[in-house]
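The next block holds one structure in the form of C-alpha cells; read it before the comments.
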Amino acid sequence: MAEKVSVDLGARAVLRGASLTAATGNFVGLIGPNGSGKTTLLRAMAGLQRRVAGTVRIDGQLIDDMARAELARRLSFLPQGSEVHWPLRVERLVALGRIPHLDGWRRLSGPDHEAVAEALRAVGAAHLVERTVSALSTGERARVLLARALASEPAILLADEPVASLDLSHQLLVLDLIRDLCVQGMTAVVVFHDLTMAARYCDRLTLLVEGRSFAEGTPDEVLVPANLRDAYDVEGALRSDLGVPHVVSLRRIDRAPAGPPQ
Amino acid sequence: MSSIALESRPARRAATRDGWLILALVGLLLILMVASLIVGRVPLAFIATLRELLSGDETTAALILGEIRFPRAILAALIGATLGAAGAAMQGLLRNPLAEPGILGVSASAGLGAVIALYFGLSQTFSFALPAAGMTGALLAVLLTYVLSGRDASIFTLILAGVAVNAFAGALTSLALNLAPSPYAALEIVFWMLGSLADRSFDHIRIALPLMAVGGILLAGTGRALNALSLGEDVARSLGVNLRIVRARLILGTAFSVGAAVSVSGTIGFVGLVVPHLLRPLVGHEPGRLMLPSALGGAALVLAADIATRVVPVEPDLQLGVVTAIVGAPFFLYLILHIRRSMR
C-alpha cells in the first residue's frame with residue numbers, strides 16, 4: 001500500500017523511504033521503537049501527511065487521485081489518544097463515523113443507526129449508548145472511539161495503538177474483533193507497542209527503525225533475536241511455550257551513543 | 001425489523017427536541033419583538049397604531065412605529081442572530097467554549113474602521129461612511145489574520161493571529177482617542193464603541209442585511225463539519241471534511257456578518273459568548289446543532305437588552321453594549337461555575 005514514503009517534519013526527516021504492504025483481509029502490525037515513524041507512516045497512509053516522496057495506493061489507485069469523500073468511505077483512521085472536544089452522547093459520537101456515507105443534507109437513516117448500534121455492540125459498549133463521553137472511563141472511551149471508526153464499515157482500518165489504554169480482557173476483546181473483521185475481508189494496519197499482542201494477532205508485521213522499513217514478514221520472521229537486538233536494543237526472543245506466541249525481553253543492550261545521522 | 005425501529009428512536013427524539021427548542025426560541029423572539037415595538041419613550045396604543053401604519057395614515061404614532069421602532073427591532077434581531085450564530089461557529093471551529101465572534105479580530109477591526117470614520121468626520125459628510133469603514137476594517141482584519149497564520153494554519157496559530165490583530169486594532173483605536181481633535185470627538189468615539197441601536201433606520205438594515213445574509217449563507221451548512229471537528233482535525237479530515245474550505249467559510253462568514261453588525265451598532269459584547277454557552281447543553285453539546293438555536297437566542301437576547309436600555313430610567317440613556325456586558329459577564333461566570341462539571 002505505502003511505497004518508499006518519505007516525510008519531513010520541520011527540518012527532521014521522520015520517514016526515509018518506508019514501505020508497507022497490506023493484502024486484502026490481512027491484519028498487519030506496524031511496530032518499531034519510539035520515534036521510528038510509526039504514527040507518521042500511518043497518517044501518510046490515511047492521506048493526512050504531506051509526503052516528500054513516495055506513494056500510497058489502495059487497490060492500485062493512488063490516494064492523491066481519490067476524492068477525500070471516496071477515501072473516507074473506504075478507509076477509517078483511528079488516532080492515538082482520545083480527543084473528544086465536547087461532552088457528546090455516545091450514540092451521537094459513534095454516528096459521526098457515518099459522515100462519509102451522508103451526502104449533502106441527508107440525515108442519518110435506518111441503515112446508519114443499524115451500523116452505529118452494530119459497531120457499539122461489537123466493541124462491547126452497547127450499554128453505553130445513552131452515556132456522555134466525558135463520563136466514560138479511559139477504556140470505555142477508547143472502545144467507543146473504535147466503534148466510531150468501525151461505524152463507517154471501512155474496507156481498511158488504520159489504528160494507532162487502539163489497545164494501549166485497555167485492560168487485558170478488553171485488549172483481547174478489541175483485537176479479537178479486529179481479527180474477526182479481517183477474516184470477513186477488512187484490511188487492518190495497527191500500530192503496536194506490545195510485541196506479544198502483535199505476534200499473537202497479526203498476519204504480518206512491518207518493523208520500522210529510524211524511518212525505514214527494517215524488516216517485514218510473518219511475526220516468526222520479524223521478531224527474531226537479531227531484529228529485537230538491532231531495532232530495540234534488547235536481548236529477547238519470540239517464544240510460544242504456552243501455546244500462544246509471546247515476546248520475552250531479557251535485558252537491555254547498552255550501546256555507545258550513535259553519532260549524528262549522515 | 002423491530003431492532004431498526006428501536007435504534008432510530010433516540011435520533012428522532014433528538015430531532016424532535018431540537019424542534020421544540022427552536023419553536024420555543026421563535027416564540028420568545030416574537031414576544032420580544034412585539035414588546036420592543038410597544039416599549040419606548042412615547043406610549044403607543046399598539047394595535048391601533050399598527051392599523052394606522054398599515055392603512056397609510058401618517059400620524060406621529062404611526063411614524064414612530066414604522067420609521068423608528070420597526071427598524072430598531074429588526075436590526076436588534078438581525079444583529080443578535082448574527083452574533084449568536086457567529087459565536088457558535090467560532091466555538092465550534094476553535095473547539096473552545098471561550099471563543100466569541102470577535103476572537104479573530106473582526107469586531108475590534110470593524111470598530112476601528114468606524115472610529116477612523118468618526119475621527120476624520122467622514123460620517124458627517126457621507127452618512128454611510130461609518131458602516132462602510134467598519135466593514136472594510138472587518139475584511140482587512142480577516143485578510144491580515146489569514147496572512148499572519150498562513151494557508152494551512154492550525155487552530156492554535158489562528159487564535160494567536162487573532163490575538164495580534166485584536167491588540168493592533170485596539171492600539172489604533174486608542175491612538176485615535178489619544179489624538180482626538182476635541183473632547184467632544186473623543187466622547188463621540190467612546191459612545192459609539194459602547195454599542196447602541198438608537199436612531200437607526202431602514203437604511204442601516206439595507207446596508208447591513210446583504211453582508212449578513214452572505215455571512216449567514218457561508219456559516220450555514222458547516223454543521224456536519226463542525227460535528228466532525230469534535231474528534232480533532234485529523235479525524236475530521238479522515239471523515240472526508242475539507243478543512244481548508246470549512247475554515248474559510250467559517251472565518252469569512254463570521255467576518256461578513258459580524259463586520260456588518262458591528263458597523264451599524266458598535267460593539268455588543270457577550271452575546272456571542274453567552275448564548276451558545278447557554279444553549280449548548282440543550283442540543284447535546286453538538287456544535288452543528290447549536291448554530292440555529294444560537295442565532296434565535298442571540299436575537300432574543302439583543303432585543304431584550306435593547307428594551308432594557310429604554311425602560312431603565314437613567315440620563316443619558318443606557319447604551320446597548322453596556323447592558324449586554326453588565327448582565328452578560330456575571331451570568332457567564334454563573335454559567336461557568338454551573339456547567340463546569342459537564343465540560344470536563
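For the protein sequence lines, the chains are U and H, in the order given.
Just so we're aligned, residue 1 is where the first sequence starts under the numbering used here, counting upward by one.
Just so we're aligned, residue 1 is where the second sequence starts under the numbering used here, counting upward by one.
Using N, Cα and C, we set each Cβ at its ideal position, and we do this for glycine too.
It should be emphasised that the depicted structure is a prediction, and the values quoted were computed from it without experimental measurement.
> In terms of residue numbering, what span does the alpha helix (DSSP H) encompassing U:T206 cover?
Replying inline: No alpha helix (DSSP H) contains U:T206, which is instead part of the beta strand (DSSP E) from 204-209.
>> Using the Cβ count rule (16 or more neighbours within 10 Å means buried), how would you classify H:G162?
In response: buried
>> Measuring only the C-alpha atoms, how far is H:R388 from H:L278?
In response: As shown, chain H starts at 1 and ends at 344. That puts residue 388 of chain H outside it, with no answer to give.
> Hey, would you say H:S257 sits closer than 7 Å to H:A132, going by beta carbons?
Replying inline: no
> Looking only at its own chain, which residues have a Cβ that is under 7 Å from the Cβ of H:L139, when we skip the five neighbours before and after it?
Replying inline: A255, G259
> Should the stretch 64-77 of chain H be regarded as contacting the stretch 190-205 of chain H, the criterion being three or more beta carbon pairs within less than 8 Å?
Replying inline: yes
>> Would U:P219 pass as an interface residue toward chain H - the criterion being a Cβ-Cβ separation below 7 Å?
In response: no
>> On the criterion of 16 or more Cβ atoms from any shown chain inside 10 Å, does U:R92 qualify as buried, or is it exposed?
In response: buried
>> So, for U:D160: in the same chain, excluding its five sequence neighbours on each side, which residues have a beta-carbon less than 6 Å away from its beta-carbon?
In response: T39, L42, P79, Q80, V191
>> Which residues does DSSP list as the beta-bridge partners of U:I160?
In response: Reading off the sequence shown, one finds Asp at residue 160 of chain U, where the question assumed Ile. In the DSSP output, where bridge partners are listed per residue, U:D160 has U:V191.
> Nearest CA to the CA of H:A248: which residue from H:A169, H:L219, H:A329?
Replying inline: H:L219
> Quick one: is H:G195 buried, meaning 16 or more other Cβ sit within 10 Å of its Cβ, or exposed?
Replying inline: buried
> Taking just the CA atoms, how far does H:Q91 sit from H:L187?
Replying inline: 34 Å
>> Would you say H:N178 lies against chain U (beta-carbon separation less than 7 Å)?
In response: no
>> Strictly below 9 Å CB to CB, what residues from chain H border U:V84?
In response: S230, L231, G232
>> Looking at U:A46: is its Cβ nearer than 7 Å to the Cβ of U:L158?
In response: yes
>> Let me see if you follow: with CB-CB separation under 7 Å, is U:L128 close to chain H or not?
In response: no
> Interface residues of chain H around U:R159 at Cβ under 7 Å?
Replying inline: One point to set straight first is that residue 159 of chain U is Ala, not Arg, in the sequence displayed. Going along chain H, no residue has its Cβ under 7 Å from U:A159, so there is no contact; the nearest lies around 12 Å.
> Taking the C-alpha atoms as reference points, what is the distance between U:S201 and U:A125?
Replying inline: A small fix is needed here, since residue 201 of chain U is Tyr in this sequence, not Ser. Straight-line Cα distance between these residues: approximately 22 Å.
> Going by alpha carbons, who is nearest to U:F77 out of U:E221, U:V209, U:R204, U:P154?
Replying inline: U:P154
> With DSSP run on the structure shown, which of helix, strand or coil describes U:Q49?
Replying inline: coil
> U:S213 and U:L145 look like a contact to me (Cβ under 8 Å); what is the Cβ gap, rounded to whole Å?
Replying inline: So it is not a contact: roughly 28 Å between Cβ atoms.
>> Can you confirm whether the stretch 171-182 of chain H touches the stretch 39-50 of chain H when touching is taken to mean that 3 or more C-beta pairs between the two stretches lie within less than 8 Å?
In response: no
> If you check the beta carbons only, do U:V248 and U:A231 fall under 7 Å apart?
Replying inline: no
> If you draw a straight line from the C-alpha of H:L143 to the C-alpha of H:L104, how long is it?
Replying inline: 11 Å
>> Please list, in chain order, the chain H residues whose beta carbon lies closer than 8 Å to that of U:P79.
In response: G232, D234, V235
> Along chain H, in chain order, which residues have C-beta atoms closer than 7 Å to that of U:I99?
Replying inline: R224, A228, L239, G240
>> For U:P33 and H:N96, I'd like the C-alpha separation in whole angstroms.
In response: 35 Å
>> Quick check on the burial criterion: 16 or more other C-beta atoms within 10 angstroms. Buried or exposed for U:I253?
In response: exposed
>> Quick test of the definition: if touching needs 3 or more C-beta pairs under 8 Å, does the stretch 115-123 of chain H touch the stretch 304-313 of chain H?
In response: no
> Does the Cβ of H:E100 have 16 or more other Cβ atoms within 10 Å, making it buried, or fewer, making it exposed?
Replying inline: buried
>> Let me confirm a value: U:A188 is counted as buried when at least 16 other C-beta atoms fall within 10 Å, else exposed. Which label applies?
In response: buried
>> Looking at chain U, is there any beta carbon in it that lies within less than 7 Å of the beta carbon of H:R95?
In response: yes
> Under 7 Å between C-beta atoms, does U:R92 make it to chain H?
Replying inline: yes
> Closest Cβ-Cβ distance between H:H350 and chain U: below 7 Å?
Replying inline: There is simply no residue 350 of chain H to check, as chain H begins at 1 and stops at 344 in what is shown.
>> Does the contact criterion of 3 or more C-beta pairs under 8 Å hold for the stretch 270-290 of chain H versus the stretch 326-333 of chain H?
In response: yes
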